[in-house]
Every structure is written in structure tokens, then in C-alpha cells.
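Take a look at the structure set out below.
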Amino acid sequence: MAGRRTASAPSSVRAGISLVLLWLSLTGAPRAQTGPPPSFEHEVKASFVYTVAKFVDWPAAAFGDPGAPLVFGILGDDPIEEPLQRTVAGKSVGGHPVELIRVKEGEDPVHCHVLFVGRSEAAHVDEVIARLGNSSVLTVGEFDHFAQRGGVLRLRLDQNMVRFEVNVDAAERAHLQISSKILKLGTIVHERKRKAGSP
Numbered sequence: 092m093a094g095r096r097t098a099s100a101p102s103s104v105r106a107g108i109s110l111v112l113l114w115l116s117l118t119g120a121p122r123a124q125t126g127p128p129p130s131f132e133h134e135v136k137a138s139f140v141y142t143v144a145k146f147v148d149w150p151a152a153a154f155g156d157p158g159a160p161l162v163f164g165i166l167g168d169d170p171i172e173e174p175l176q177r178t179v180a181g182k183s184v185g186g187h188p189v190e191l192i193r194v195k196e197g198e199d200p201v202h203c204h205v206l207f208v209g210r211s212e213a214a215h216v217d218e219v220i221a222r223l224g225n226s227s228v229l230t231v232g233e234f235d236h237f238a239q240r241g242g243v244l245r246l247r248l249d250q251n252m253v254r255f256e257v258n259v260d261a262a263e264r265a266h267l268q269i270s271s272k273i274l275k276l277g278t279i280v281h282e283r284k285r286k287a288g289s290p
């Protein structure tokens with residue numbers, strides 16, 4: 092079927108937005124100086140990543156067939172892996188069953204639809220982004236300047252509150268359409284322009 096794949100039913104939108112607002116209410120309240128408990132933080136972030144995926148349109152060409160899985164990949168070591176596994180188990184996005192895989196070091200991640208780049212890969216993020224090229228992959232990370240360096244979505248803690256940034260340039264390059272309902276909740280950033288001859 093031609094066109095883009097999306098979970099666009101009104102009930103899905105209302106339910107998804109409710110989850111986003113719940114997420115913001117849970118993480119937006121000021122917390123103790125030590126910040127939110129790590130386990131709580133990772134559970135909430137995992138739920139948010141899954142919710143955001145429901146508001147992203149991938150090109151139909153990103154799926155082999157209408158029933159093909161939507162693949163969440165995790166690259167590197169990150170404590171979000173187990174919470175994300177629990178979050179997506181038995182779930183679907185836009186009619187595609189969700190599958191979670193671990194991307195091995197050196198493995199080509201272009202077969203993923205969502206790629207969570209762990210903190211252990213912070214030093215290699217430029218290489219990862221370059222390897223993806225224009226592939227329709229929603230890249231997600233937490234470390235500094237992830238979005239400015241070409242990642243699509245960066246989650247971050249700000250004064251003990253969880254916020255997120257969206258690189259609209261990277262999303263456009265990946266042929267991803269992110270709902271305005273998500274964009275208006277985050278901070279829009281643009282890629283850092285590299286000088287000629289710089290890596």
C-alpha cells in the first residue's frame with residue numbers, strides 16, 4: 092500500500108497524548124536535589140520513547156510489508172534496555188508489532204526503525220549517524236549535544252525534570268514526519284554546522 096505508515100486513529104492520538112501529558116506530569120514536578128530514582132527515570136523514559144514512536148510516520152518503504160515489525164534497537168550499554176523491553180512487549184505501532192533487538196558493535200543499524208544510542212557510544216555518535224545516512228531511523232539518546240550532532244531525539248534532565256529535544260533537520264533527512272503534538276512539547280534544535288575539513 093502506497094503512502095506512509097502511521098497510527099493516526101483519533102482514539103490512538105488521544106490515548107497517546109494522554110500518556111505524554113502523564114509523563115510530563117510525573118517528571119515535571121520538582122524533585123529532591125538528588126533527582127528522580129534511577130529505576131523510575133528509566134521506566135518513564137522507556138514509556139516515553141514508545142509513546143513518541145506512535146506519533147511518527149515512517150515511509151512505507153521502511154517496511155518490507157504491511158505486517159512487518161517495527162524494530163526498536165539498542166546500541167551500546169544503557170539501563171533503559173530492560174524497562175524498554177517490558178514496555179514494548181506485545182505492543183504494536185501503526186499496525187506493526189514491535190520487536191526489540193540489541194545492535195552489536197560494528198553492526199549496521201539501518202534495519203532499525205527506532206535506535207536508542209546508549210551512553211557508552213557517546214564518543215562514536217558521529218560515526219553512528221554517518222553510518223545511518225538518510226535511512227528512516229528515529230535515533231534517540233541522552234548524552235550532551237546528541238541532537239545537535241545529528242540525533243533526532245534527545246532526552247535530558249534539567250533541574251531534576253526530564254525534558255526532550257527534537258532535531259527537525261535530522262528528522263527531515265531521515266524522511267520521518269513527527270506529529271506537531273510532540274514537537275510543541277519539546278525543544279526544537281538544529282544540527283551543528285561543521286566547518287569545511289572538520290571531522
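Here the sequence shown is numbered in the numbering used here, starting from 92 and rising by one per residue. Even for Gly, the Cβ is constructed at its ideal location relative to N, Cα and C.
Anyone know if the C-beta pair for residue i and residue j falls short of 7 angstroms?
{"i": "Val243", "j": "Ala261", "result": "yes"}
{"i": "Val179", "j": "Val189", "result": "yes"}
{"i": "Pro150", "j": "His266", "result": "yes"}
{"i": "Ala144", "j": "Val184", "result": "yes"}
{"i": "Val231", "j": "Val140", "result": "yes"}
Can you look up residue i in the DSSP assignment and give me helix, strand or coil?
{"i": "Ser270", "result": "coil"}
{"i": "Ile171", "result": "coil"}
{"i": "Asp235", "result": "coil"}
{"i": "His187", "result": "strand"}
{"i": "Asp217", "result": "helix"}
{"i": "Leu206", "result": "strand"}
Leaving out the 5 sequence neighbours to the left and right, which residues in its chain are closer than 6 angstroms to residue i when beta-carbon positions are compared?
{"i": "Arg247", "result": "Arg254"}
{"i": "Thr298", "result": "No answer is possible for residue 298: it lies beyond the span of the chain, which begins at 92 and ends at 290."}
Pull up the distance between the alpha-carbon of residue i and that of residue j, whole angstroms please.
{"i": "Cys203", "j": "Phe131", "result": "26 angstroms"}
{"i": "Asp199", "j": "Leu223", "result": "8 angstroms"}
{"i": "Lys275", "j": "Val194", "result": "31 angstroms"}
{"i": "Thr142", "j": "Phe207", "result": "14 angstroms"}
{"i": "Glu256", "j": "Pro157", "result": "30 angstroms"}
{"i": "Ser270", "j": "Asp148", "result": "8 angstroms"}
{"i": "Ala221", "j": "Lys182", "result": "30 angstroms"}
{"i": "Gln239", "j": "Asn258", "result": "7 angstroms"}
{"i": "Ser135", "j": "Gly186", "result": "Per the sequence presented here, residue 135 reads as Val, with Ser not at that position. Roughly 23 angstroms separates the two Cα atoms."}
For my contact list, residue i and residue j are in at a C-beta cut-off of 8 angstroms; report their separation, rounded to the angstrom.
{"i": "Gly164", "j": "Val205", "result": "7 angstroms"}
{"i": "Ile192", "j": "His133", "result": "Contact doesn't hold; Cβ gap of about 18 angstroms is too wide."}
{"i": "Ala137", "j": "Ser227", "result": "With 8 angstroms as the limit, Ala137 and Ser227 do not qualify as a contact, their Cβ atoms being about 22 angstroms apart."}
{"i": "Glu196", "j": "Arg210", "result": "Not really, about 15 angstroms apart at Cβ, beyond 8 angstroms."}
{"i": "Leu166", "j": "Val219", "result": "7 angstroms"}
Using C-beta distances below 7 angstroms, list every residue in its chain close to residue i, excluding the 5 sequence neighbours before and after it, in chain order.
{"i": "Ser102", "result": "Because Ser102 sits at a pLDDT of 47, beneath the cut-off of 50, its placement in the model cannot be relied upon, and the following sentence gives the value as read from the coordinates. Hits under 7 angstroms: none found."}
{"i": "Arg264", "result": "Asn225"}
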